[in-house]
Amino acid sequence: MPIIAFEQVTKVYSPRTVALADVTLEIARGEFVFLIGASGAGKSTLIRLLYREEKPSAGRLLIDGKDIGRLRRREIPFLRRRIGVVFQDFKLLENKTVYENVAFPLVCTEARTRDIGRRVPQVLDAVGLAAKARSRPSELSGGEQQRCAIARAVVADPTILIADEPTGNLDPETARGIINLLVEINRRGTTVLVATHSESLVNTLRRRVIALDHGRVVRDEERGLYRREAL
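Laid out in structure tokens, this is it:
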């Protein structure tokens with residue numbers, strides 16, 4: 331069973347703006363997938379559907395075989411505990427330290443203090459931020475902020491990690507470090523979906539590529555290249 335399955339999913343915003351049109355695709359557990367396409371192609375809508383910020387207008391979206399479009403409101407937080415999201419603008423809490431930012435998802439799920447005290451240092455060490463635990467986001471570089479956002483997304487050990495333009499505002503060397511971190515997270519079993527405009531990133535890693543254009547899947551290739559001209 332695929333961990334993610336879109337079955338003829340369409341998303342329409344009123345009055346007649348079609349963001350996704352008849353999308354059908356499957357992502358296996360443990361895959362690393364790039365989602366590419368021009369601005370407005372539907373990448374952000376697809377991501378919002380995955381963590382139930384939006385619901386499909388038609389079709390079904392299944393995670394581990396469960397139709398998440400039919401979830402009751404009280405069930406949505408349980409879905410989101412299984413999905414880590416790294417936003418393009420980080421969304422770090424400026425009034426909290428790095429440690430507190432990373433611990434925040436565990437605090438929200440009422441994890442035991444002992445478990446938080448064990449897990450957060452492990453994750454900070456894994457992303458290379460152990461020495462920055464008491465710093466505020468404003469005291470971090472762009473790459474360090476991105477690492478903090480990734481640490482927060484994976485601290486609860488999600489089965490799926492979604493990264494929206496994780497290297498968009500970073501210099502090439504810092505970007506390589508971030509991608510190596512995502513590859514390592516994937517190697518440990520997490521399904522990773524990366525939305526990106528970075529041609530060099532896609533062409534270097536040669537993972538599965540799903541290309542969107544005007545809300546439709548126009549290409550789905552194993553070990554794919556960016557091939558902007560194909561869009």
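Under the numbering used here, the first residue of the sequence shown carries the number 331, and numbering increases by one thereafter.
Don't be surprised by glycine CBs; every beta carbon is placed ideally from N, CA and C.
Own chain partners of residue i with C-beta closer than 8 Å, once the 5 adjacent residues on each side are dropped
{"i": "L409", "result": "Y381, R382, I393, I398, L401"}
{"i": "Q475", "result": "F420, L422, P467"}
Outcome for residue i when other beta-carbon atoms lying within 10 angstroms are tallied against a minimum of 16
{"i": "Y343", "result": "exposed"}
{"i": "S369", "result": "exposed"}
{"i": "K385", "result": "exposed"}
{"i": "L555", "result": "exposed"}
{"i": "R464", "result": "exposed"}
{"i": "S528", "result": "buried"}
{"i": "T347", "result": "exposed"}
{"i": "V437", "result": "exposed"}
{"i": "G395", "result": "exposed"}
{"i": "D494", "result": "buried"}
8 Å contact criterion, which residue i and residue j should meet: CB distance rounded
{"i": "T504", "j": "G472", "result": "7 Å"}
{"i": "T520", "j": "T497", "result": "Not really, about 18 Å apart at Cβ, beyond 8 Å."}
{"i": "G545", "j": "A349", "result": "5 Å"}
Selection from the options that minimises the alpha carbon distance to residue i
{"i": "R466", "options": "P488, D501, E430", "result": "E430"}
{"i": "L365", "options": "A358, R359, S374", "result": "S374"}
{"i": "V415", "options": "A358, V485, V532", "result": "V485"}
{"i": "D535", "options": "N499, L350, V363", "result": "Reading the sequence as shown, one finds Leu at residue 535 and not Asp. It is V363."}
{"i": "D352", "options": "G367, P345, L391", "result": "L391"}
Cβ neighbours of residue i in the same chain (closer than 7 Å, five flanking residues each side left out)
{"i": "L355", "result": "F336, I540, V547, D550"}
{"i": "R359", "result": "I333, T521"}
Beta-carbon proximity list for residue i, same chain, < 6 Å, skipping 5 on both sides
{"i": "R412", "result": "P488, T489"}
{"i": "A433", "result": "I446, V450"}
For this session: Would you check if there are 3 or more beta carbon pairs closer than 8 Å linking the stretch 497-517 to the stretch 437-444?
Result: No, the stretch 497-517 does not touch the stretch 437-444.
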